[in-house]
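For the sequence shown, counting from 1, position 327 maps to 327 in the UniProt record's numbering; every step adds exactly one.
Glycine is no exception: its CB is placed at the ideal position from the N, C-alpha and C atoms.
In what follows, a structure is listed as structure tokens, so that the remarks can point back to it.
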Amino acid sequence: MNLGVGQNVKFDRIITNVGSAYNEHVGAFAAPVSGVYVFMSTLLSNQGHNAHFQLVRNGNFICNMYAGGVGAYGGGNYDTSAGSFVLYLNKGDAIAIHNQDPGENLYGYDQSYFSGFLLKEWERDSKIYTVGTRHTGTDVVAFFATLSNNVMNLGVGQNVKFDRIITNVGSAYNEHVGAFAAPVSGVYVFMSTLLSNQGHNAHFQLFRNGNFICNMYAGGVGAYGGGNYDTSAGSFVLYLNKGDAIAIHNRDPGENLYGYDQSYFSGFLLKEWEQDSKIYTVGTRHTGTDVVAFFATLGNNVMNLGVGQNVKFDQIITNVGSAYNEHVGAFAAPVSGVYVFMSTLLSNQGHNAHFQLVRNGNFICNMYAGGVGAYGGGNYDTSAGSFVLCLNKGDAISIHNRDPGENLYGYYQSYFSGFLLKEWEQDLSIVG
């Protein structure tokens, strides 16, 4: 409680720390080698409080994170901010989440978290990868771009042009078009955070080559008018053919987004792989590959879930390696290693949603979406989280319900994805 300006958030319960690069006593990650890194964070405001935080490198600002827990007319709920960030770091660079305003606070109890991993070791000077120019001649493909200003009155189907380039290794993201074009065929991971303007709802969609994949929704309108800023965040694992274009585009006429480095889009090539992407996007399973990656959404609302019941994300978009089972609602690790999982959950209007990430039925952390308004009523609300875990072969990962009678909004607004980062044949219980 009552964090000072510039004070790091010290995420103190270590779940995974392979390589010992994160220091919970300082609240910072120190890069052990130069390379491209990916970081993810979820912050839950305390009830009735706004939370303003920043991602910083060596104490220098990169982007903002905002959770708006204050209700339209006082009171309020807990609110989530979630973001993912792709950065080139030099050895020794320090990454932290720090407080922006005096006296801020966050809700703990495994509802707020911070994670990250090395995507690719690479001995370069990071300065040339963070100033907005493009770079080719590398097998690394990774980008991170933010909105520098608000965007207003977007047309239907118009791409969001994230114009402030922070990372663009491989030159695949074009800020003038607002789209990423795959330079090679393979499995890619994309992440986006969108902040609605105050008192506005925001409906956006992820598209591939102009075709719908899934929705993103931020509900800034209050229960009885007014409202706050609200965050939508999502992560998406996709098989792309060379030349496929990925963009976030507007769904409804006249939509707008809050900029000032509060809304962003990032992604990276997980594994180059020359195949026909169509066979990886129709809901069937695929074996005989060293790639393990999945992405599944909820096709319809799920209602009246029992305590401990898995959420069965039933619409398979990607399932390379056949490790996710939509009938059970669980991922089973085909090999021992380090895995990354990501989930977005949208509460139904006027309902709170309490869910948990579990491994073999055992609690790891919480996810909360607060759709109940300050004085009744309410909106839809998003919870989003990313999780880096060491798994032994056969370990099962799922999102399950915490309280009786919970429900979630479907229609491609709630999803679950993950991938194998590094196979590692040993007992990982000592590091996970």
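Identify which residue in the options has its Cα closest to the Cα of residue i.
i           : options            : result
residue 152 : 65, 255, 84, 212   : 255
residue 325 : 251, 418, 65, 367  : 418
residue 7   : 141, 97, 161       : 97
residue 9   : 58, 290, 27        : 27
residue 49  : 68, 178, 207, 33   : 68
residue 39  : 88, 367, 420       : 88
residue 29  : 112, 94, 178, 166  : 94
residue 64  : 52, 351, 58        : 52
residue 401 : 386, 366, 327      : 366
residue 11  : 116, 399, 361      : 116
residue 238 : 198, 295, 247, 199 : 295
residue 318 : 291, 338, 309      : 291
residue 37  : 118, 15, 13, 57    : 118
residue 465 : 261, 268, 200      : For residue 465 there is no data in the structure shown, the boundaries of the chain being 1 and 432.
residue 122 : 364, 31, 404, 18   : 31
residue 58  : 43, 44, 92         : 92
residue 361 : 321, 378, 309      : 309
residue 161 : 200, 356, 420, 248 : 248
residue 323 : 399, 420, 354      : 420
Could you pull out every residue in the same chain whose Cβ sits closer than 6 Å to the Cβ of residue i, ignoring the five residues on either side in sequence?
i           : result
residue 283 : Summary for residue 283: the model assigns pLDDT 38, below 50, so the residue's position carries little reliability, and this model does not support an answer.
residue 46  : 105, 107
residue 327 : none
residue 13  : none
residue 425 : 336
residue 378 : 223, 350, 371, 372
Cβ atoms of residue j and residue i: under 8 Å apart, would you say?
i           : j           : result
residue 259 : residue 148 : yes
residue 202 : residue 82  : no
residue 229 : residue 380 : no
residue 195 : residue 22  : no
residue 346 : residue 414 : yes
residue 270 : residue 169 : no
residue 335 : residue 423 : yes
residue 245 : residue 211 : no
residue 351 : residue 371 : yes
residue 297 : residue 80  : no
residue 368 : residue 54  : no
residue 403 : residue 307 : yes
residue 154 : residue 250 : yes
residue 320 : residue 293 : yes
Need the endpoints of the beta strand (DSSP E) that residue i sits in, please.
i           : result
residue 350 : No beta strand (DSSP E) holds residue 350; DSSP gives it neither H nor E.
residue 54  : 50-57
residue 176 : Per DSSP, residue 176 belongs to no beta strand (DSSP E) and is neither H nor E.
residue 60  : 60-68
residue 147 : Where residue 147 is concerned, there is no enclosing beta strand (DSSP E), given that its DSSP letter is neither H nor E.
residue 246 : 245-250
residue 13  : Careful: residue 13 lies outside any beta strand (DSSP E) and carries neither H nor E.
residue 320 : 315-320
residue 208 : 201-208
residue 327 : Where residue 327 is concerned, there is no enclosing beta strand (DSSP E), given that its DSSP letter is neither H nor E.
residue 312 : Careful: residue 312 lies outside any beta strand (DSSP E) and carries neither H nor E.
residue 164 : 164-169
residue 345 : 337-346
residue 257 : 255-257
residue 383 : 382-391
residue 302 : 302-305
So residue i and residue j are in contact, right, with Cβ under 8 Å, and what is the actual spacing, rounded?
i           : j           : result
residue 436 : residue 263 : The structure shown has nothing for residue 436, since the chain only spans 1 to 432.
residue 114 : residue 41  : 5 Å
residue 77  : residue 3   : The Cβ separation is near 21 Å, so there is no contact.
residue 240 : residue 192 : That belief does not hold up - the Cβ atoms of residue 240 and residue 192 are roughly 16 Å apart, past 8 Å.
residue 214 : residue 236 : 7 Å
residue 90  : residue 34  : 5 Å
residue 150 : residue 177 : Wrong, their Cβ atoms sit about 19 Å apart, outside the cutoff.
residue 84  : residue 386 : 6 Å
residue 167 : residue 86  : 5 Å
residue 399 : residue 363 : That belief does not hold up - the Cβ atoms of residue 399 and residue 363 are roughly 12 Å apart, past 8 Å.
Leaving out the 5 sequence neighbours to the left and right, which residues in its chain are closer than 7 Å to residue i when beta-carbon positions are compared?
i           : result
residue 252 : 156, 203
residue 274 : 185
residue 198 : 220, 227, 228, 229
residue 56  : 62, 96, 98
residue 131 : Residue confidence for residue 131 is low, a pLDDT of 37 falling below 50, so the modelled location carries little weight; the figure read from the coordinates is stated next. Here the set comprises nothing.
residue 24  : 10, 11, 12, 14
residue 243 : 181, 182
residue 1   : 105
Below 8 Å CB to CB, which residues in the same chain sit around residue i once its five sequence neighbours on both sides are set aside?
i           : result
residue 359 : 389, 391, 395, 396, 397
residue 174 : 180, 181
residue 299 : 314, 315, 410, 411, 412
residue 302 : 311, 312, 407, 408, 410
residue 172 : 141, 143, 180, 181, 182, 183
residue 5   : 99, 100, 101, 102
residue 393 : 333, 334, 335, 336
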